[in-house]
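Let me begin by presenting the structure, written as C-alpha coordinates, before commenting on it.
Residue numbers (my numbering): 300 to 732.
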(Lines of atoms letter the chains of each structure in order from A and count residues from 1; the text may use other names and numbers.)
(Lines give C-alpha, C1' and ligand atoms only; values in the text may rest on other atoms or scores of the structure.)
Protein backbone atom coordinates (compact mmCIF):
# COMPACT_ATOMS: atom_id res chain seq x y z
CA UNK A 1 0.00 0.00 0.00
CA UNK A 2 1.53 3.28 -1.14
CA UNK A 3 0.57 6.23 1.04
CA UNK A 4 1.00 9.92 0.23
CA UNK A 5 2.30 11.96 3.17
CA UNK A 6 0.33 15.05 2.10
CA UNK A 7 -2.82 13.00 1.64
CA UNK A 8 -2.39 11.34 5.03
CA UNK A 9 -2.03 14.75 6.67
CA UNK A 10 -5.60 15.61 5.64
CA UNK A 11 -6.92 13.17 8.25
CA UNK A 12 -4.42 13.32 11.11
CA UNK A 13 -1.58 15.51 12.39
CA UNK A 14 1.74 13.89 11.45
CA UNK A 15 5.10 13.99 13.27
CA UNK A 16 7.72 16.37 11.81
CA UNK A 17 9.90 13.70 10.22
CA UNK A 18 8.98 10.86 7.86
CA UNK A 19 11.54 8.69 9.65
CA UNK A 20 9.69 8.95 12.96
CA UNK A 21 6.36 8.22 11.28
CA UNK A 22 7.61 5.15 9.42
CA UNK A 23 9.49 3.85 12.48
CA UNK A 24 6.36 3.93 14.64
CA UNK A 25 4.28 2.31 11.91
CA UNK A 26 6.88 -0.42 11.45
CA UNK A 27 7.06 -1.12 15.17
CA UNK A 28 3.27 -1.42 15.26
CA UNK A 29 3.13 -4.02 12.49
CA UNK A 30 2.84 -1.94 9.29
CA UNK A 31 6.32 -2.67 8.00
CA UNK A 32 8.02 -0.06 5.85
CA UNK A 33 9.07 -1.22 2.38
CA UNK A 34 10.53 2.13 1.31
CA UNK A 35 9.76 5.82 1.08
CA UNK A 36 10.91 8.32 -1.51
CA UNK A 37 10.35 11.87 -2.69
CA UNK A 38 7.73 12.21 -5.44
CA UNK A 39 7.81 15.99 -5.84
CA UNK A 40 8.70 15.87 -9.55
CA UNK A 41 5.61 16.57 -11.63
CA UNK A 42 3.47 17.57 -8.63
CA UNK A 43 2.34 21.05 -7.63
CA UNK A 44 3.61 20.56 -4.05
CA UNK A 45 6.46 18.50 -2.51
CA UNK A 46 5.29 15.08 -1.33
CA UNK A 47 6.65 11.76 -0.07
CA UNK A 48 5.34 8.33 -1.07
CA UNK A 49 5.49 5.76 1.73
CA UNK A 50 5.23 2.09 0.74
CA UNK A 51 4.07 -0.05 3.66
CA UNK A 52 3.44 -3.78 3.87
CA UNK A 53 -0.16 -4.54 4.84
CA UNK A 54 -0.79 -8.10 6.02
CA UNK A 55 -3.88 -9.96 4.82
CA UNK A 56 -5.62 -9.64 8.21
CA UNK A 57 -5.53 -5.82 8.06
CA UNK A 58 -7.69 -4.82 5.06
CA UNK A 59 -8.65 -1.67 6.98
CA UNK A 60 -5.18 -0.29 6.17
CA UNK A 61 -5.69 -0.53 2.40
CA UNK A 62 -6.86 3.08 2.41
CA UNK A 63 -5.43 6.37 3.67
CA UNK A 64 -8.09 6.70 6.37
CA UNK A 65 -7.15 3.29 7.78
CA UNK A 66 -3.47 4.20 7.95
CA UNK A 67 -4.40 7.59 9.43
CA UNK A 68 -6.41 5.77 12.10
CA UNK A 69 -3.25 3.86 13.06
CA UNK A 70 -1.24 7.09 13.19
CA UNK A 71 -3.98 8.66 15.30
CA UNK A 72 -3.71 5.86 17.86
CA UNK A 73 0.09 5.70 17.89
CA UNK A 74 0.61 9.45 18.34
CA UNK A 75 -2.64 10.11 20.24
CA UNK A 76 -3.88 12.64 17.70
CA UNK A 77 -7.52 13.23 16.66
CA UNK A 78 -8.74 11.56 13.47
CA UNK A 79 -10.63 13.72 10.97
CA UNK A 80 -12.90 11.78 8.59
CA UNK A 81 -14.76 13.82 5.93
CA UNK A 82 -18.54 13.83 6.48
CA UNK A 83 -19.39 12.87 2.86
CA UNK A 84 -22.24 15.37 2.65
CA UNK A 85 -24.21 15.25 -0.61
CA UNK A 86 -26.82 17.53 -2.15
CA UNK A 87 -29.67 15.54 -3.70
CA UNK A 88 -32.44 16.86 -5.92
CA UNK A 89 -34.86 15.75 -8.60
CA UNK A 90 -36.65 12.40 -8.79
CA UNK A 91 -35.69 9.34 -6.78
CA UNK A 92 -32.85 7.28 -8.24
CA UNK A 93 -35.14 4.23 -8.12
CA UNK A 94 -37.32 5.80 -10.83
CA UNK A 95 -34.55 5.71 -13.44
CA UNK A 96 -32.73 2.47 -12.60
CA UNK A 97 -33.21 -0.82 -10.76
CA UNK A 98 -30.86 -3.27 -9.07
CA UNK A 99 -31.45 -6.98 -8.47
CA UNK A 100 -29.18 -9.58 -6.87
CA UNK A 101 -29.68 -13.16 -8.06
CA UNK A 102 -26.69 -14.62 -6.19
CA UNK A 103 -26.67 -13.22 -2.63
CA UNK A 104 -23.96 -15.69 -1.64
CA UNK A 105 -21.59 -13.91 -4.05
CA UNK A 106 -22.91 -10.36 -3.60
CA UNK A 107 -24.68 -9.73 -0.29
CA UNK A 108 -25.16 -5.97 -0.77
CA UNK A 109 -25.16 -3.49 -3.66
CA UNK A 110 -25.67 0.30 -3.58
CA UNK A 111 -26.32 2.42 -6.66
CA UNK A 112 -26.58 6.21 -7.02
CA UNK A 113 -27.33 8.21 -10.16
CA UNK A 114 -25.81 11.55 -11.22
CA UNK A 115 -27.24 13.30 -14.26
CA UNK A 116 -25.60 15.96 -16.40
CA UNK A 117 -21.94 15.43 -15.55
CA UNK A 118 -19.27 17.00 -17.73
CA UNK A 119 -16.37 14.66 -18.44
CA UNK A 120 -12.97 16.31 -18.63
CA UNK A 121 -9.51 16.44 -17.06
CA UNK A 122 -9.26 16.26 -13.29
CA UNK A 123 -8.23 19.31 -11.26
CA UNK A 124 -4.61 19.57 -10.16
CA UNK A 125 -5.25 18.52 -6.55
CA UNK A 126 -6.87 15.26 -7.67
CA UNK A 127 -4.16 14.48 -10.23
CA UNK A 128 -1.50 15.14 -7.57
CA UNK A 129 -3.09 12.77 -5.07
CA UNK A 130 -3.27 9.92 -7.58
CA UNK A 131 0.16 10.57 -9.11
CA UNK A 132 1.79 10.52 -5.68
CA UNK A 133 0.70 6.90 -5.21
CA UNK A 134 1.42 5.81 -8.78
CA UNK A 135 -2.06 6.03 -10.36
CA UNK A 136 -2.47 7.62 -13.79
CA UNK A 137 -5.25 10.14 -14.32
CA UNK A 138 -8.03 9.02 -16.71
CA UNK A 139 -10.81 11.60 -16.40
CA UNK A 140 -12.51 13.44 -13.57
CA UNK A 141 -15.21 10.82 -12.84
CA UNK A 142 -12.96 7.75 -13.03
CA UNK A 143 -10.30 9.55 -11.00
CA UNK A 144 -12.81 10.20 -8.22
CA UNK A 145 -13.70 6.49 -7.98
CA UNK A 146 -10.00 5.66 -7.67
CA UNK A 147 -9.49 8.47 -5.16
CA UNK A 148 -12.27 7.25 -2.85
CA UNK A 149 -11.00 3.66 -3.07
CA UNK A 150 -7.54 4.81 -2.03
CA UNK A 151 -9.08 7.02 0.64
CA UNK A 152 -11.24 4.48 2.48
CA UNK A 153 -10.40 1.10 0.91
CA UNK A 154 -13.84 0.53 -0.67
CA UNK A 155 -13.63 -0.14 -4.43
CA UNK A 156 -16.20 1.66 -6.59
CA UNK A 157 -17.16 1.64 -10.25
CA UNK A 158 -18.84 4.20 -12.50
CA UNK A 159 -21.12 3.05 -15.35
CA UNK A 160 -22.34 5.14 -18.25
CA UNK A 161 -26.04 4.83 -17.40
CA UNK A 162 -27.16 5.45 -20.99
CA UNK A 163 -25.13 2.45 -22.20
CA UNK A 164 -26.78 0.05 -19.76
CA UNK A 165 -29.47 -1.86 -21.67
CA UNK A 166 -32.74 -1.39 -19.85
CA UNK A 167 -30.95 0.98 -17.48
CA UNK A 168 -30.84 -1.80 -14.92
CA UNK A 169 -28.24 -3.73 -12.93
CA UNK A 170 -28.51 -7.48 -12.35
CA UNK A 171 -25.89 -9.21 -10.20
CA UNK A 172 -25.80 -12.86 -11.25
CA UNK A 173 -23.61 -15.79 -12.14
CA UNK A 174 -22.21 -15.79 -15.65
CA UNK A 175 -23.96 -17.95 -18.20
CA UNK A 176 -22.24 -20.68 -20.16
CA UNK A 177 -20.41 -19.28 -23.16
CA UNK A 178 -20.60 -15.63 -22.11
CA UNK A 179 -17.65 -13.33 -22.72
CA UNK A 180 -16.83 -9.76 -21.76
CA UNK A 181 -14.45 -7.14 -23.10
CA UNK A 182 -12.99 -5.45 -20.03
CA UNK A 183 -11.76 -1.88 -19.81
CA UNK A 184 -8.27 -3.15 -20.66
CA UNK A 185 -9.85 -3.94 -24.10
CA UNK A 186 -9.14 -7.65 -23.77
CA UNK A 187 -11.86 -10.27 -24.10
CA UNK A 188 -12.37 -12.81 -21.32
CA UNK A 189 -14.33 -16.06 -21.39
CA UNK A 190 -16.56 -16.38 -18.34
CA UNK A 191 -17.61 -19.53 -16.50
CA UNK A 192 -20.77 -20.30 -14.56
CA UNK A 193 -18.95 -20.04 -11.22
CA UNK A 194 -18.10 -16.37 -11.78
CA UNK A 195 -20.14 -13.42 -10.51
CA UNK A 196 -20.87 -10.69 -13.04
CA UNK A 197 -22.66 -7.36 -13.11
CA UNK A 198 -25.10 -7.46 -16.04
CA UNK A 199 -27.64 -5.19 -17.64
CA UNK A 200 -30.80 -6.51 -19.31
CA UNK A 201 -28.82 -8.39 -21.99
CA UNK A 202 -25.13 -8.95 -21.20
CA UNK A 203 -22.36 -8.81 -18.60
CA UNK A 204 -21.04 -5.27 -18.14
CA UNK A 205 -18.44 -5.96 -15.40
CA UNK A 206 -16.64 -8.84 -13.73
CA UNK A 207 -17.82 -8.42 -10.16
CA UNK A 208 -15.10 -7.11 -7.87
CA UNK A 209 -12.41 -7.39 -10.55
CA UNK A 210 -12.86 -5.04 -13.52
CA UNK A 211 -15.53 -3.13 -15.41
CA UNK A 212 -16.53 -3.66 -19.02
CA UNK A 213 -15.39 -1.62 -22.01
CA UNK A 214 -18.91 -1.11 -23.43
CA UNK A 215 -20.24 0.79 -20.40
CA UNK A 216 -17.12 2.63 -19.26
CA UNK A 217 -17.07 6.39 -18.76
CA UNK A 218 -16.19 8.20 -22.00
CA UNK A 219 -15.96 11.78 -23.23
CA UNK A 220 -19.64 11.62 -24.27
CA UNK A 221 -20.95 10.38 -20.92
CA UNK A 222 -23.51 12.62 -19.23
CA UNK A 223 -25.38 10.28 -16.86
CA UNK A 224 -23.50 8.09 -14.39
CA UNK A 225 -24.45 5.19 -12.13
CA UNK A 226 -22.08 4.77 -9.17
CA UNK A 227 -21.62 1.24 -7.83
CA UNK A 228 -20.59 0.51 -4.25
CA UNK A 229 -20.94 -3.17 -3.44
CA UNK A 230 -19.69 -6.07 -1.38
CA UNK A 231 -18.54 -9.29 -3.05
CA UNK A 232 -17.55 -12.65 -1.57
CA UNK A 233 -13.78 -12.67 -1.12
CA UNK A 234 -13.30 -16.29 -2.18
CA UNK A 235 -15.35 -15.73 -5.34
CA UNK A 236 -13.33 -12.66 -6.34
CA UNK A 237 -10.06 -14.47 -5.66
CA UNK A 238 -11.10 -17.50 -7.72
CA UNK A 239 -12.33 -15.35 -10.61
CA UNK A 240 -9.21 -13.17 -10.68
CA UNK A 241 -6.95 -16.24 -10.67
CA UNK A 242 -8.96 -18.05 -13.32
CA UNK A 243 -9.00 -15.05 -15.68
CA UNK A 244 -5.44 -14.05 -14.74
CA UNK A 245 -6.91 -10.60 -14.23
CA UNK A 246 -5.95 -8.75 -11.06
CA UNK A 247 -6.71 -5.16 -10.10
CA UNK A 248 -6.57 -2.84 -7.07
CA UNK A 249 -10.28 -3.61 -6.59
CA UNK A 250 -9.84 -7.39 -6.57
CA UNK A 251 -6.86 -7.03 -4.22
CA UNK A 252 -9.12 -5.34 -1.67
CA UNK A 253 -12.19 -7.54 -2.14
CA UNK A 254 -10.04 -10.66 -1.71
CA UNK A 255 -9.15 -9.39 1.76
CA UNK A 256 -12.76 -8.52 2.72
CA UNK A 257 -13.99 -4.95 2.58
CA UNK A 258 -15.85 -3.43 5.54
CA UNK A 259 -19.50 -3.30 4.46
CA UNK A 260 -20.28 -0.60 7.00
CA UNK A 261 -18.42 1.84 4.72
CA UNK A 262 -20.53 1.16 1.61
CA UNK A 263 -22.93 4.06 2.07
CA UNK A 264 -20.18 6.48 3.14
CA UNK A 265 -18.04 5.57 0.11
CA UNK A 266 -21.02 5.96 -2.22
CA UNK A 267 -21.89 9.40 -0.81
CA UNK A 268 -18.26 10.53 -0.76
CA UNK A 269 -17.83 9.53 -4.41
CA UNK A 270 -20.95 11.44 -5.47
CA UNK A 271 -19.90 14.47 -3.42
CA UNK A 272 -16.54 14.68 -5.20
CA UNK A 273 -17.97 13.96 -8.66
CA UNK A 274 -20.35 16.89 -8.25
CA UNK A 275 -17.38 19.00 -7.15
CA UNK A 276 -15.17 18.18 -10.16
CA UNK A 277 -17.69 17.26 -12.88
CA UNK A 278 -20.92 18.97 -11.87
CA UNK A 279 -24.25 17.23 -12.38
CA UNK A 280 -27.38 16.58 -10.35
CA UNK A 281 -27.43 13.76 -7.80
CA UNK A 282 -30.85 12.11 -7.84
CA UNK A 283 -32.59 11.61 -4.52
CA UNK A 284 -31.65 8.54 -2.49
CA UNK A 285 -29.78 5.40 -3.44
CA UNK A 286 -30.99 2.11 -4.86
CA UNK A 287 -30.01 -0.67 -2.47
CA UNK A 288 -30.26 -4.42 -3.04
CA UNK A 289 -29.37 -7.16 -0.58
CA UNK A 290 -29.21 -7.14 3.18
CA UNK A 291 -27.02 -4.79 5.25
CA UNK A 292 -24.57 -6.42 7.63
CA UNK A 293 -25.68 -6.47 11.29
CA UNK A 294 -24.18 -3.53 13.17
CA UNK A 295 -23.44 -5.55 16.31
CA UNK A 296 -20.47 -7.91 16.55
CA UNK A 297 -19.75 -10.64 19.08
CA UNK A 298 -18.16 -9.22 22.19
CA UNK A 299 -14.70 -10.22 23.45
CA UNK A 300 -13.68 -10.25 27.12
CA UNK A 301 -10.16 -9.26 28.15
CA UNK A 302 -8.85 -10.52 31.49
CA UNK A 303 -6.23 -8.08 32.72
CA UNK A 304 -4.18 -10.85 34.37
CA UNK A 305 -3.82 -12.56 30.98
CA UNK A 306 -2.06 -9.52 29.55
CA UNK A 307 0.90 -9.80 31.91
CA UNK A 308 0.86 -13.61 31.76
CA UNK A 309 1.20 -13.70 27.96
CA UNK A 310 3.41 -10.64 27.44
CA UNK A 311 5.66 -11.05 30.46
CA UNK A 312 5.35 -7.38 31.42
CA UNK A 313 2.90 -5.44 33.54
CA UNK A 314 0.54 -3.09 31.69
CA UNK A 315 -1.98 -1.21 33.80
CA UNK A 316 -5.63 -2.09 33.30
CA UNK A 317 -6.46 1.55 32.57
CA UNK A 318 -3.87 1.66 29.79
CA UNK A 319 -5.21 -1.57 28.27
CA UNK A 320 -8.73 -0.15 28.17
CA UNK A 321 -7.51 3.20 26.83
CA UNK A 322 -5.53 1.57 24.00
CA UNK A 323 -8.47 -0.56 22.90
CA UNK A 324 -10.86 2.39 23.01
CA UNK A 325 -8.49 4.44 20.86
CA UNK A 326 -8.44 1.57 18.37
CA UNK A 327 -12.21 1.90 18.02
CA UNK A 328 -13.37 -0.88 20.34
CA UNK A 329 -16.45 -0.12 22.41
CA UNK A 330 -16.18 -0.99 26.11
CA UNK A 331 -19.44 -2.71 27.03
CA UNK A 332 -18.61 -3.64 30.61
CA UNK A 333 -15.70 -3.40 33.03
CA UNK A 334 -14.85 -4.89 36.40
CA UNK A 335 -11.73 -4.96 38.54
CA UNK A 336 -10.41 -8.05 36.74
CA UNK A 337 -11.70 -7.79 33.18
CA UNK A 338 -13.40 -5.70 30.51
CA UNK A 339 -15.72 -6.67 27.65
CA UNK A 340 -15.39 -5.01 24.25
CA UNK A 341 -17.21 -4.89 20.94
CA UNK A 342 -14.67 -4.72 18.07
CA UNK A 343 -15.28 -2.15 15.30
CA UNK A 344 -16.54 -3.25 11.90
CA UNK A 345 -13.22 -2.43 10.21
CA UNK A 346 -11.28 -4.92 12.35
CA UNK A 347 -12.57 -8.40 11.37
CA UNK A 348 -9.40 -9.93 12.82
CA UNK A 349 -10.33 -9.11 16.44
CA UNK A 350 -12.20 -12.22 17.51
CA UNK A 351 -10.51 -13.61 20.63
CA UNK A 352 -8.93 -12.45 23.85
CA UNK A 353 -5.45 -13.08 22.49
CA UNK A 354 -6.22 -10.72 19.60
CA UNK A 355 -6.94 -7.91 22.06
CA UNK A 356 -3.76 -8.68 24.00
CA UNK A 357 -1.78 -8.47 20.76
CA UNK A 358 -3.30 -5.05 20.05
CA UNK A 359 -2.35 -3.84 23.53
CA UNK A 360 1.22 -5.05 23.02
CA UNK A 361 1.41 -3.51 19.54
CA UNK A 362 0.35 -0.03 20.63
CA UNK A 363 2.14 -0.13 24.00
CA UNK A 364 5.30 -0.96 22.04
CA UNK A 365 6.99 -4.27 21.29
CA UNK A 366 10.28 -2.62 22.25
CA UNK A 367 9.09 -2.60 25.87
CA UNK A 368 8.94 -6.39 25.94
CA UNK A 369 12.34 -7.78 27.07
CA UNK A 370 14.16 -10.31 24.95
CA UNK A 371 14.24 -13.70 26.66
CA UNK A 372 17.41 -15.76 26.92
CA UNK A 373 18.00 -18.07 23.98
CA UNK A 374 16.68 -21.59 24.48
CA UNK A 375 19.02 -24.48 23.62
CA UNK A 376 18.03 -26.44 20.54
CA UNK A 377 18.23 -30.19 21.14
CA UNK A 378 17.92 -32.61 18.25
CA UNK A 379 15.30 -35.32 18.80
CA UNK A 380 15.90 -38.93 17.92
CA UNK A 381 14.16 -40.19 14.78
CA UNK A 382 11.51 -42.83 15.27
CA UNK A 383 11.89 -46.41 14.07
CA UNK A 384 9.37 -45.78 11.27
CA UNK A 385 11.29 -42.71 10.05
CA UNK A 386 14.60 -44.62 10.08
CA UNK A 387 13.07 -47.49 8.08
CA UNK A 388 11.63 -45.08 5.49
CA UNK A 389 15.01 -43.33 5.17
CA UNK A 390 16.77 -46.65 4.61
CA UNK A 391 14.26 -47.74 1.95
CA UNK A 392 14.61 -44.41 0.12
CA UNK A 393 18.41 -44.67 0.10
CA UNK A 394 18.35 -48.28 -1.15
CA UNK A 395 15.87 -47.53 -3.95
CA UNK A 396 17.84 -44.45 -5.04
CA UNK A 397 21.08 -46.48 -5.00
CA UNK A 398 19.45 -48.92 -7.42
CA UNK A 399 18.67 -46.21 -9.97
CA UNK A 400 15.11 -45.30 -9.01
CA UNK A 401 13.81 -41.75 -8.65
CA UNK A 402 11.23 -40.63 -6.11
CA UNK A 403 8.20 -38.63 -7.30
CA UNK A 404 6.35 -36.42 -4.83
CA UNK A 405 2.81 -36.18 -6.22
CA UNK A 406 -0.05 -33.87 -5.37
CA UNK A 407 -2.39 -35.10 -2.65
CA UNK A 408 -5.76 -36.50 -3.65
CA UNK A 409 -8.89 -35.15 -2.00
CA UNK A 410 -12.56 -35.99 -2.29
CA UNK A 411 -14.99 -33.74 -4.15
CA UNK A 412 -16.59 -32.83 -0.82
CA UNK A 413 -13.23 -31.69 0.57
CA UNK A 414 -12.49 -29.68 -2.58
CA UNK A 415 -15.79 -27.81 -2.25
CA UNK A 416 -14.93 -26.84 1.32
CA UNK A 417 -11.70 -25.24 0.12
CA UNK A 418 -13.04 -23.72 -3.12
CA UNK A 419 -16.77 -23.09 -2.64
CA UNK A 420 -16.99 -20.60 -5.50
CA UNK A 421 -15.01 -22.57 -8.05
CA UNK A 422 -11.53 -22.09 -9.46
CA UNK A 423 -9.43 -23.79 -12.09
CA UNK A 424 -11.28 -27.02 -12.80
CA UNK A 425 -10.03 -29.99 -10.81
CA UNK A 426 -8.97 -33.22 -12.52
CA UNK A 427 -10.91 -36.26 -11.35
CA UNK A 428 -8.98 -39.52 -10.92
CA UNK A 429 -11.22 -42.58 -11.22
CA UNK A 430 -8.83 -45.03 -9.55
CA UNK A 431 -8.14 -42.91 -6.48
CA UNK A 432 -8.82 -44.59 -3.16
CA UNK A 433 -10.79 -41.48 -2.18
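All C-beta atoms in this analysis are idealised placements derived from N, C-alpha and C, irrespective of residue type, glycine included.
Please tell me whether residue i and residue j are closer than 9 Å, where the distance is taken between their beta carbons.
| i | j | result |
| --- | --- | --- |
| residue 516 | residue 504 | no |
| residue 276 | residue 345 | Not covered by the structure: residue 276. The range shown for the chain is 300 to 732. |
| residue 409 | residue 643 | no |
| residue 581 | residue 394 | yes |
| residue 416 | residue 306 | no |
| residue 590 | residue 407 | yes |
| residue 362 | residue 441 | no |
| residue 469 | residue 438 | no |
| residue 622 | residue 654 | yes |
| residue 304 | residue 347 | yes |
| residue 313 | residue 373 | yes |
| residue 451 | residue 563 | yes |
| residue 578 | residue 413 | yes |
| residue 498 | residue 514 | yes |
| residue 583 | residue 402 | no |
| residue 512 | residue 480 | yes |
Taking buried to mean at least 16 other C-beta atoms within 10 Å of its own C-beta, is residue i buried or exposed?
| i | result |
| --- | --- |
| residue 602 | buried |
| residue 676 | exposed |
| residue 585 | buried |
| residue 567 | buried |
| residue 357 | buried |
| residue 575 | buried |
| residue 687 | exposed |
| residue 683 | exposed |
| residue 558 | buried |
| residue 652 | exposed |
| residue 560 | buried |
| residue 727 | exposed |
| residue 703 | exposed |
| residue 661 | buried |
| residue 445 | buried |
| residue 680 | exposed |
| residue 634 | exposed |
| residue 368 | buried |
| residue 596 | exposed |
What does the alpha-carbon distance come out to for the pair residue i and residue j?
| i | j | result |
| --- | --- | --- |
| residue 340 | residue 320 | 24 Å |
| residue 732 | residue 300 | Bear in mind that the predicted position of residue 732 carries a pLDDT of just 47, short of 50, making it unreliable; the figure below should be weighed with that in mind. Using only the alpha carbons, I get a separation of about 43 Å. |
| residue 625 | residue 371 | 6 Å |
| residue 546 | residue 329 | 22 Å |
| residue 405 | residue 696 | 57 Å |
| residue 733 | residue 638 | What the structure shows of the chain is the stretch from 300 to 732, and residue 733 is not part of that stretch, so it cannot be assessed. |
| residue 666 | residue 607 | 15 Å |
| residue 544 | residue 482 | 11 Å |
| residue 509 | residue 550 | 11 Å |
| residue 465 | residue 715 | 38 Å |
| residue 317 | residue 476 | 52 Å |
| residue 698 | residue 540 | 39 Å |
| residue 396 | residue 506 | 17 Å |
| residue 386 | residue 447 | 19 Å |
| residue 530 | residue 552 | 7 Å |
| residue 478 | residue 488 | 5 Å |
| residue 427 | residue 335 | 15 Å |
| residue 518 | residue 429 | 20 Å |
| residue 594 | residue 364 | 20 Å |
| residue 555 | residue 536 | 11 Å |
| residue 712 | residue 724 | 12 Å |
| residue 691 | residue 685 | 10 Å |
| residue 658 | residue 457 | 40 Å |
| residue 315 | residue 399 | 49 Å |
| residue 632 | residue 649 | 18 Å |
For the beta strand (DSSP E) containing residue i, list its first residue and its last residue.
| i | result |
| --- | --- |
| residue 494 | 494–497 |
| residue 528 | 523–529 |
| residue 390 | 386–390 |
| residue 639 | 636–640 |
| residue 503 | 502–505 |
| residue 579 | 579–582 |
| residue 486 | 486–488 |
| residue 458 | 455–459 |
| residue 612 | It is not in any beta strand (DSSP E) - residue 612 carries neither H nor E in the DSSP assignment. |
| residue 598 | 598–601 |
| residue 464 | Per DSSP, residue 464 belongs to no beta strand (DSSP E) and is neither H nor E. |
Between residue i and residue j, which are expected to be in contact by the criterion C-beta below 8 Å, what is the C-beta distance as a whole number of angstroms?
| i | j | result |
| --- | --- | --- |
| residue 310 | residue 360 | Actually they do not touch by this definition, with Cβ atoms about 15 Å apart. |
| residue 250 | residue 390 | Outside the displayed span of the chain (300 to 732) sits residue 250, for which this structure offers no information. |
| residue 613 | residue 619 | No, residue 613 and residue 619 are not in contact; Cβ-Cβ is about 10 Å, not under 8 Å. |
| residue 502 | residue 527 | That belief does not hold up - the Cβ atoms of residue 502 and residue 527 are roughly 19 Å apart, past 8 Å. |
What are the start and end residues of the alpha helix (DSSP H) that includes residue i?
| i | result |
| --- | --- |
| residue 702 | Note, residue 702: premise wrong, no alpha helix (DSSP H); not H, not E. |
| residue 540 | 532–542 |
| residue 655 | 651–662 |
| residue 405 | Counting along the chain, residue 405 falls outside any alpha helix (DSSP H), and DSSP gives it neither H nor E. |
| residue 450 | 439–451 |
| residue 309 | Element bounds for residue 309: n/a, residue is neither H nor E. |
| residue 630 | Counting along the chain, residue 630 falls outside any alpha helix (DSSP H), though it belongs to the beta strand (DSSP E) covering 628–632. |
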